[in-house]
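Undergrad:
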Amino acid sequence: MSGEQTRDRRSERNAATQREILDAAWQLVREEGLAALAMRDLGARVGMRAQSLYGYFPSKHAIFDAMFADGSRELLTRLSVLDGILDPDERLRELGRLFVRFCVEDPVRHQLLFQRAIPGFQPSAESYQLAVDALALARTTVRACGITSQRAFDAWTALNGGLAAQQNANEPGGQRWVRLVDELTDMLLATYRKPSRRKQ
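In this note's numbering, the protein residues as written are 4 to 203.
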């Protein structure tokens, strides 16, 4: 052997099957809603008996947990584009645009990540850490604009979360609330930024 590690084909097959199950779960909930996810239907999608799914995920909540991690990783990937924006105000505007677009392009994912739509479901510590990381990046972006109070950050999260929720609830697929992101971000900057950081 040339020092290459031996492939763990069993683990690779297991991971591929888990991915297939998750993809099928996303497809089902996007068609029928989060509450409609049933192991029997999911098994039928991937050509398994429902009982066989438990060999890959110990419960339905474990599937939701993996989906929560999926969505949170995708959000973090989207947020990476902010690194290339040097102006703090424009980076904050783009953060708002990106977050609201992320929420409205997939209302079911938005429900899973941000609306506690599944009774009794709590993401695992590992999955939730991804969401914490995304929130920390948002907090850093807000603070770079000279907005440092918790009250102001709460206002920022409420502003963007509210725009996404309004868009999904009242005009799915539209732009009525999405196009308010920049305007309301500028209002937030004018209201909460420390005077020394306000642009002349």
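Where is the CB? At the ideal position from N, CA and C, for every residue including glycine. A quick note: this is a predicted structure, and the numbers were derived from the prediction, not measured.
(1) The alpha helix (DSSP H) with Tyr59 in it runs from where to where?
(2) Take the Cβ of Asn173 as the centre, count every other Cβ of all protein chains shown within 10 Å, and call the residue buried at 16 or more, exposed below.
(3) CB Gly87 to CB Arg112, shorter than 8 Å?
(4) Between Val49 and Glu23, how many whole angstroms is the CB-CB distance? I'm expecting something under 8 Å.
(5) Any contact between the region 182 to 191 and the region 142 to 161? By contact I mean 3 or more CB pairs, one from each, below 8 Å.
(6) Ala18 to Tyr59, Cα distance in whole Å?
(7) From Ala147 to Leu56, what does the alpha carbon distance come to, in whole angstroms?
(8) Alpha carbon to alpha carbon, how far is Leu78 from Ile66? Give it in angstroms, no decimals.
TA: In short, the structure shows the following:
(1) Your numbering for residue 59 matches position 56 in the sequence shown. Per DSSP, Tyr59 belongs to no alpha helix (DSSP H) and is neither H nor E.
(2) Locating residue 173 in the sequence shown gives position 170, where the first residue counts as 1. With fewer than 16 Cβ atoms within 10 Å of its Cβ, Asn173 is classed as exposed.
(3) For the purposes of this step, residue 87 is taken as the residue at position 84 of the sequence shown. For the purposes of this step, residue 112 is taken as the residue at position 109 of the sequence shown. Their beta carbons are not under 8 Å apart, which means Gly87 does not touch Arg112 by this criterion.
(4) Sequence index remark: in the sequence shown, residue 49 carries index 46 (1-based). Sequence index remark: in the sequence shown, residue 23 carries index 20 (1-based). About 5 Å; that satisfies the 8 Å criterion.
(5) With the cut-off at 8 Å, the region 182 to 191 and the region 142 to 161 touch.
(6) Locating residue 18 in the sequence shown gives position 15, counting from the first residue. Locating residue 59 in the sequence shown gives position 56, counting from the first residue. Taking the straight line from one Cα to the other gives about 9 Å.
(7) Working through the sequence shown from its first residue, we reach residue 147 at position 144. Working through the sequence shown from its first residue, we reach residue 56 at position 53. Spanning the two alpha carbons is a distance of roughly 46 Å.
(8) To locate residue 66, count along the sequence shown from 1; it is residue 63. To locate residue 78, count along the sequence shown from 1; it is residue 75. Roughly 19 Å separates the two Cα atoms.
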